[in-house]
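The next block holds one structure in the form of structure tokens; read it before the comments.
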Amino acid sequence: MEEAEFLANRVAIIDNGLLQCIGTPQHLKQKYAQGYELIVNEERVKQHESQRDEIVAYFLSMIDRPHCGFLQQVDLIETTPTSLKFRLLIRQGCDDKEDDNDDNRKDDNDRKDHSTSVFSLATLFQEVESVKEKFGILEYSLSQTTLEQVFAALVKHREAESML
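Residue numbers (my numbering): 182 to 345.
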């Protein structure tokens, strides 16, 4: 899948002989992806349990911050002795630039204000950088869902539908 993602202009995903979707790798990731993955590697191998809980709580509460209104959900998906992996889901439509005319926008109680509804990768980096020293974060990575994860999600969704 990695080769297809980097070399192909268009990718088709076929499951059991049926075409599921077709498009550029970026288009498929934007349409079907599970958002972004944030992996945080800690300096100390043995963090105190309370400090690790504090780190997890901080990142899980990102959706409550006004400047992170584009986040729909944050989940802790994997832990190791030195790292934490989070999935960040972006609200539908928040990756698109919105025009300044606010009249046609539906009232959405989940959004804090209009300025927070546009996705900002810079905001996510600022969130991690602001607590890097406090929590002893050695390094971190923020990456978009891979094409392989998109494929797995589509196949899983199709299997769930066929069971009904």
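Idealized CB from N, CA, C, for every residue including glycine.
Report buried or exposed for residue i, applying the criterion of at least 16 other Cβ atoms within 10 angstroms of its Cβ.
i: residue 236; result: buried
i: residue 307; result: exposed
i: residue 198; result: exposed
i: residue 247; result: exposed
i: residue 326; result: buried
i: residue 251; result: buried
i: residue 300; result: buried
By DSSP, does residue i sit in helix, in strand, or in coil?
i: residue 314; result: coil
i: residue 233; result: helix
i: residue 215; result: coil
i: residue 251; result: coil
i: residue 339; result: helix
i: residue 305; result: helix
With a CB to CB cut of under 7 Å and the five nearest residues on each side skipped, what residues in its chain are close to residue i?
i: residue 322; result: 220
i: residue 304; result: 248, 249
i: residue 331; result: 209, 210, 213, 214
Assuming contact is defined by CB atoms lying nearer than 8 Å, are residue i and residue j in contact in what I supplied?
i: residue 266; j: residue 329; result: no
i: residue 335; j: residue 194; result: yes
i: residue 201; j: residue 270; result: no
i: residue 222; j: residue 345; result: no
i: residue 258; j: residue 268; result: yes
i: residue 184; j: residue 317; result: no
Since residue i sits in a beta bridge, which residues does DSSP pair it with?
i: residue 204; result: 192
Which residues in the same chain have their Cβ closer than 8 Å to the Cβ of residue i, if we skip the five residues on either side of it in sequence?
i: residue 191; result: 203, 204, 205
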